[in-house]
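For the sequence shown, numbering that gives the first Met the number 0 begins at 0 and goes up steadily by one.
Note that the Cβ used here is the ideal one computed from N, Cα and C, for glycine as well.
None of these values were measured; they are calculated from a predicted model.
Structure first, then comments.
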Amino acid sequence: MALTKDFRKTVQADARRDPAFRRGLLSEALESLLAGEVALGKELLRDYINATVGFPTLAAETKIHVKTLHQMFGPSGNPTASKLFEIVANLQRAEGVHLEVRSARDASRTRRVTPSPRADRTPAVRSGR
């Protein structure tokens, strides 16, 4: 689902103004990628980058040409895992957060139970803050 230009500007303005919203946007982008919603995850990351560090700064930090970054997060972009994780690591450093993947099932349990090897392990991204 493509976002309208006005809505995208609103999201970016909210991200610039509100640190909790900004961290939530980054977290939601990564959760989308982990859930297989690659197009949505890339779109959210693009909005996050535009609202925070910007593509020119990210290009300088990662040594990836700015045009290549724009292509990677465009509709037909297909970033490699190594480049994507390098970018995510850079964005986490810039935001001052450490995100980690945990099983949503394990996170919701109140007592410790060892899951079976075939247990459903739905990923969830949690902020380290």
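Going by other Cβ atoms of all chains shown within 10 Å of its Cβ, with 16 needed for buried, is residue i buried or exposed?
| i | result |
| --- | --- |
| proline 78 | buried |
| lysine 41 | buried |
| serine 81 | exposed |
| alanine 14 | buried |
| alanine 12 | exposed |
| serine 75 | exposed |
Hey, out of the options, whose CA is closest to residue i's CA?
| i | options | result |
| --- | --- | --- |
| glycine 73 | Leu39, Gly35, Thr9, Asp13 | Leu39 |
| arginine 7 | Asn49, Met71, Val100, Val65 | Asn49 |
| threonine 51 | Ser102, Asp17, Arg101 | Asp17 |
Taking residue i and residue j to be in contact with their CB atoms under 8 angstroms, please state how far apart those CB atoms are, rounded to whole angstroms.
| i | j | result |
| --- | --- | --- |
| leucine 98 | glutamine 91 | 6 angstroms |
Would residue i and residue j be called neighbours here (beta carbons separated by less than 8 angstroms)?
| i | j | result |
| --- | --- | --- |
| valine 87 | leucine 29 | yes |
| alanine 58 | leucine 43 | no |
| phenylalanine 54 | valine 65 | yes |
| valine 96 | arginine 45 | no |
message: Just to confirm the assignment: which complete alpha helix (DSSP H) runs, minimum length 4, are found wholly within the stretch 50-89?
response: 54-61, 65-71
- prompt: Which residue spans inside the stretch 8-53 form an unbroken alpha helix (DSSP H) run of at least 4?
  reply: 18-33, 37-50
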